[in-house]
Amino acid sequence: GRTTGVVLDSGDGVTHAVPIYEGFAMPHSIMRVDIAGRDVSKYLRLLLRKEGVNFRTTAEFEIVRTIKEKACYLSSNPQKEETAETEKYQYILPDGSTLDIGPARFRAPEVLFRPDLIGEEYEGLHEVLLYAIQKSDMDLRKVLFQNIVLSGGSTLFKGF
């Protein structure tokens, strides 16, 4: 196994970038940002609301979370994808009706890299990772860049 690298852990509520050297975390280099999966779910709910589908209750928010987990993905070029015909994902709601989800599939996870989309001034995950590595000893940076380990549910999007 690896003993030196960076763990990027992004769960439901928080994201951490933790540089590790010879099995030990380097506390001075750890970065944290309060942007994670819950923000993707909330943004997806907003995008779906703009398309005329409203999810208000806690139970309905769970549906949004499930849609996020099954349908969403990260696009390597979201601007290009905006102009292309996005393949719709058909989600069957608990009442049996279907919901066609289009560009919201790749727009929602973009908040992980562009928190400004939801009015936040946080760094995106890519910047959090970069800053954690930059706060580490210069001699370690190359090996840290070469050994990035993803962890947490928010790193499971297709295309991450």
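So for the sequence shown, this note's numbering puts the first residue at 150; every next one is plus one.
Note that CB positions come from ideal geometry on N, CA and C, so glycine has one too.
Fair warning: this is a prediction, and the values are worked out from it, not measured in the lab.
Quick check on residue i: does DSSP put it in helix, strand or coil?
i    : result
S246 : coil
K284 : coil
S224 : coil
D188 : helix
F306 : coil
P176 : helix
R181 : strand
V292 : helix
T232 : helix
P252 : coil
T206 : coil
V163 : coil
Going by CA-CA distance only, name the one from the options that's closest to residue i.
i    : options                : result
T215 : S190, V155, V292       : S190
T153 : R290, R194, G251, T206 : R290
Y128 : V182, P258, V156       : No information on residue 128 is available, as it lies outside the stretch 150 to 309 that the chain covers here.
R254 : Q239, V163, D265, R263 : Q239
D161 : K217, G150, E272, L195 : K217
A257 : M175, F173, L195       : L195
D244 : C221, T304, A208       : A208
Residue j and residue i - do their beta-carbons sit closer together than 8 angstroms?
i    : j    : result
G186 : G268 : no
L223 : F309 : yes
I212 : L242 : yes
I184 : V167 : no
K307 : H177 : no
V163 : Y271 : no
L278 : I297 : yes
D158 : S300 : yes
If I measure Cβ to Cβ from residue i and keep anything under 7 angstroms in the same chain, skipping five residues before and after, which residues do I get?
i    : result
N188 : The sequence shown places Asp at residue 188, rather than the Asn named in the question. Closer than 7 angstroms at Cβ, skipping near neighbours: V260, I267.
K237 : D249, I250, G251
F262 : G273, L274, H275
I282 : V155, P168, R290, L293, F294
Under 6 angstroms Cβ to Cβ from residue i, same chain only, skipping five residues before and after it: list those, please.
i    : result
D265 : none
R151 : N296
Identify, in the order they occur along the chain, each residue of the same chain with its Cβ nearer than 8 angstroms to the Cβ of residue i, setting aside the five sequence neighbours on each side.
i    : result
T235 : G251, P252, R254, F255
**Item:** Cβ pair count under 8 angstroms reaching 3, the stretch 193-205 against the stretch 222-235
**Value:** no
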